[in-house]
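Going down the list, the sequences are from chains A and B. For the first sequence, the positions run 1 to 109 when this note's numbering is used. For the second sequence, the positions run 1001 to 1112 when this note's numbering is used. For each residue, glycine too, the CB sits at the ideal point set by N, CA and C. Because the structure is a prediction, the values reported are computed rather than measured. As structure tokens, the structure follows; a few thoughts come after it.
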Amino acid sequence: GQSLEQPSEVTAVEGAIVQINCTYQTSGFYGLSWYQQHDGGAPTFLSYNGLDGLEETGRFSSFLSRSDSYGYLLLQELQMKDSASYFCAVQTGANNLFFGTGTRLTVIP
Amino acid sequence: NAGVTQTPKFRVLKTGQSMTLLCAQDMNHEYMYWYRQDPGMGLRLIHYSVGEGTTAKGEVPDGYNVSRLKKQNFLLGLESAAPSQTSVYFCASRISLNTEAFFGQGTRLTVV
């Protein structure tokens, strides 16, 4: 089986930096993805890490440590529009994609 | 660019009724997925397909069936709906493993 753990809620101030952690246990691991979902909307892809290290895409960065079964999403220069739920997802060897329960980020002025 | 389209967007069913949710993608993707999303539960994988004519069970397959007769379509069936199947259903597709998954806009299903 597989399990993913991430904090249920995070609050941060506009303009600040926030980190959302994800730890996982899977039977077979190929990579870790992050998705964003606004209320009432569909999840949208943010980033993917297949190898250890940091991937940067604009204000968002994602990190993976395979040896620690751990990753995080880093959001910089927070904006009000970043208020959303963020999901980590693991790619397993069985061709499927499993999601965590999500972290609800609230950005306050 | 239609991407991933789900039909219908909303539906109310009575307990015991059946229905089929349609997912269509126009990106020639091999992999397609059906998820359900409940408050506090994240996205849970129901069934998935790695190509035309193939399907496999995910985390929560009971009470659902799927078919992938054409590469672009992935159907999710509920043979006898139960209130526990009240949820938002999302379909997703991607071209290969380790690539971005594209999601449809969801189907909000209520079983009364």
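| query | result |
| --- | --- |
| Give the interface partners of F99/A over in chain B, defined as CB-CB distance under 7 angstroms, in chain order. | G1042, L1043 |
| According to the Cβ coordinates, are F1074/B and F1090/B closer than 9 angstroms? | no |
| Which residue or residues does DSSP assign as beta-bridge partners of F29/A? | BP columns for F29/A are empty, so no partner. |
| For the beta strand (DSSP E) that G1077/B lies in, which residues bound it at each end? | 1073 to 1078 |
| My assumption, with CB atoms under 8 angstroms, is that T1015/B sits in contact with A1081/B. Please give the rounded CB distance. | 6 angstroms |
| Nearest to E5/A by CA position, among G93/A, Y72/A, F29/A, is which residue? | Y72/A |
| Would you please verify whether the beta carbon of A89/A is less than 9 angstroms from any beta carbon of chain B? | yes |
| Which full runs of the beta strand (DSSP E) of 3+ residues lie inside the region 1 to 51 of chain A, going along the chain? | 3 to 5, 9 to 13, 18 to 25, 31 to 37, 44 to 49 |
| Under 9 angstroms between C-beta atoms, does N1028/B make it to chain A? | no |
| Give me the chain A residues within the contact set of A1101/B, using Cβ-Cβ distance strictly less than 7 angstroms, ordered along the chain. | F45, L97 |
| Which residue comes first and which comes last in the beta strand (DSSP E) that contains E1030/B? | Premise fails: E1030/B is in no beta strand (DSSP E) and is neither H nor E. |
| Leaving out the 5 sequence neighbours to the left and right, which residues in its chain are closer than 6 angstroms to Q19/A when beta-carbon positions are compared? | Y72, L74 |
| Once the 5 residues before and after G1106/B are set aside, which same chain residues still bring their CB inside 7 angstroms of it? | Q1006, V1088, Y1089, F1090 |
| Within 9 angstroms (strictly less), CB to CB, does S62/A reach chain B? | no |
| Just to make sure I have the definition right: I need the residues of chain B whose C-beta is within less than 8 angstroms of the C-beta of A84/A. Which are they? | Simply none; closest approach about 14 angstroms. |
| Using only the alpha-carbon positions, how far apart do Q37/A and S1096/B sit? | 22 angstroms |
| Am I right that L1045/B and E1030/B are in contact with their C-beta atoms under 8 angstroms? What's the rounded C-beta distance? | 17 angstroms between Cβ atoms; not a contact. |
| Against chain A, which members of the region 1009 to 1036 of chain B pass a CB distance test of less than 9 angstroms? | Y1031, Y1033, Y1035 |
| Answer with buried or exposed for R59/A, where buried requires no fewer than 16 other C-beta atoms within 10 angstroms of its C-beta. | exposed |
| If I'm right that T92/A touches S27/A with Cβ under 8 angstroms, what's the distance once you round it to whole angstroms? | 7 angstroms |
| Within 9 angstroms of any Cβ in chain B, is that where the Cβ of Y110/A sits? | Absent from the structure is residue 110/A, since the part of chain A shown begins at 1 and ends at 109. |
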